[in-house]
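All residue numbers for the sequence shown refer to this note's numbering, where the first residue is 3 and numbers rise by one. Comments concern the structure below.
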Amino acid sequence: MISSAASGTQSNRRGVADTVLERKGAGVAGVQEMTIGVVGGTGAQGRGLATRWAAAGLKVVIGSRNAERAQETAREIAEASGGDVTGQDNAGCAAAADIVLIALPWEAHADTLRALRSELAGKIVVDCVNPLGFDKKGPYALPVPEGSAAQQAEQLLPESRVTAAFHHVSAVTLADLSVSEIDLDVLVLGDDREATDVVRELAATIPGVRGIYGGRLRNAHQVEAFTANLIAINRRYKAHAGLRITDV
Ligand SMILES: NC(=O)c1ccc[n+]([C@@H]2O[C@H](COP(=O)([O-])OP(=O)(O)OC[C@H]3O[C@@H](n4cnc5c(N)ncnc54)[C@H](OP(=O)(O)O)[C@@H]3O)[C@@H](O)[C@H]2O)c1
3 MISSAASGTQ SNRRGVADTV LERKGAGVAG VQEMTIGVVG GTGAQGRGLA TRWAAAGLKV
63 VIGSRNAERA QETAREIAEA SGGDVTGQDN AGCAAAADIV LIALPWEAHA DTLRALRSEL
123 AGKIVVDCVN PLGFDKKGPY ALPVPEGSAA QQAEQLLPES RVTAAFHHVS AVTLADLSVS
183 EIDLDVLVLG DDREATDVVR ELAATIPGVR GIYGGRLRNA HQVEAFTANL IAINRRYKAH
243 AGLRITDV
């Protein structure tokens, strides 16, 4: 039984991910059968997560504004991880995937998502974007009119199943496959329980990582903003700090 938080647009939200879930006949199973797209996958964060997912045996499609750059990055990740990784432009990547990670700079978020609305319809979208500014005092959270990057994504992608996750994981640690276990909980936020369960499962494909439900999308602002605190911690202690939730 598929349950969606959507109301009038529920049928529009059903996509390939739903089909896979239905075929599996179980709510949270099936991430291993899904294709993971990474919009902005040539950057540090997209590369890092793609490397881990490919190493875990998931099929990954890297997206870029430039298809050749995506293919080149995909070749490098496939070589490092031994996995199944291909590259396309961002629209091709979004169209080919069941779950799509948005790994773009905040400045590129709104325009890029607006342009990908039809390709992302029915897909589980995972937003990891942290709207941050930097000045001589260090990092700080930027105000976002919609509340958060994830809520902006929800507004721009009404036919998608928008979740927010992977804000606090270090791209450096992800890319270093000699780190065999990453000591981290990934907070997964969203209003669609089945989608957040799938993304929790996606997080758990990375050794050492747990995916923990972190509330509805309206609570994404402080999760995104907390990255400024983590960056400050990393600078002071020369670390790649993460987050663990206790008693869960
Ligand atoms: N780095 C981390 O450790 C980390 C950790 C957690 C979360 N995050 C979040 O993840 C997101 C990506 O971080 P990142 O460090 O990977 O960023 P990045 O390297 O600066 O950018 C990622 C990719 O976005 C594309 N891009 C850049 N400017 C663009 C524009 N104006 N329009 C469209 N596409 C553009 C580029 O790909 P093409 O040129 O190939 O199109 C670039 O490779 C950020 O929002 C960040 O807050 C990062």
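Glycine included, C-beta positions come from ideal geometry on N, C-alpha and C.
{"Asked": "Limits of the unbroken beta strand (DSSP E) element including R163", "Found": "R163 to A166"}
{"Asked": "Beta-carbon proximity check, Q153 vs H223, cutoff 9 Å", "Found": "yes"}
{"Asked": "R49 vs E78 beta-carbon contact at 9 Å", "Found": "yes"}
{"Asked": "Residue ranges of each alpha helix (DSSP H) within the region 131 to 158, 4 or longer", "Found": "151 to 158"}
{"Asked": "Distance cut-off 8 Å: V146 Cβ against heavy atoms of ligand 2", "Found": "No copy of ligand 2 appears in this structure; the ligands present are ligand 1."}
{"Asked": "Closer than 8 Å: N231 CB and nearest ligand 1 heavy atom", "Found": "no"}
{"Asked": "Close-in-space but distant-in-sequence residues of the same chain around T114 (CB under 6 Å, 5 per side omitted)", "Found": "L106"}
{"Asked": "Nearest residue (CA-CA) to T37, options I101, Q90, H170 and A234", "Found": "I101"}
{"Asked": "At least three beta-carbon pairs within less than 8 Å, the region 162 to 173 to the region 139 to 146", "Found": "no"}
{"Asked": "Reference R67; option with closest CA among A57, D91 and A52", "Found": "D91"}
{"Asked": "Exposure of V40, with buried meaning 16 or more beta-carbon neighbours within 10 Å", "Found": "buried"}
{"Asked": "DSSP three-state assignment for S83, whether helix, strand or coil", "Found": "helix"}
{"Asked": "Host alpha helix (DSSP H) of I184 (start-end)", "Found": "No alpha helix (DSSP H) contains I184, which DSSP labels as neither H nor E."}
{"Asked": "Where V33 sits in the DSSP three-state scheme", "Found": "helix"}
{"Asked": "A57 beta carbon less than 9 Å from that of G84", "Found": "yes"}
{"Asked": "Residue nearest to N99 in terms of C-alpha spacing, selected from L158, P133 and L60", "Found": "One point to set straight first is that residue 99 is Ala, not Asn, in the sequence displayed. Of L158, P133 and L60, the residue nearest in Cα terms is L60."}
{"Asked": "Secondary structure of D100, DSSP reduced to three states", "Found": "coil"}
{"Asked": "Residue interval of the beta strand (DSSP E) (run including R212)", "Found": "V211 to Y215"}
{"Asked": "Per-residue burial, I126 [other beta carbons within 10 Å of its own, 16 or more giving buried]", "Found": "buried"}
{"Asked": "Cβ-heavy atom distance, V174 to ligand 1, below 8 Å", "Found": "yes"}
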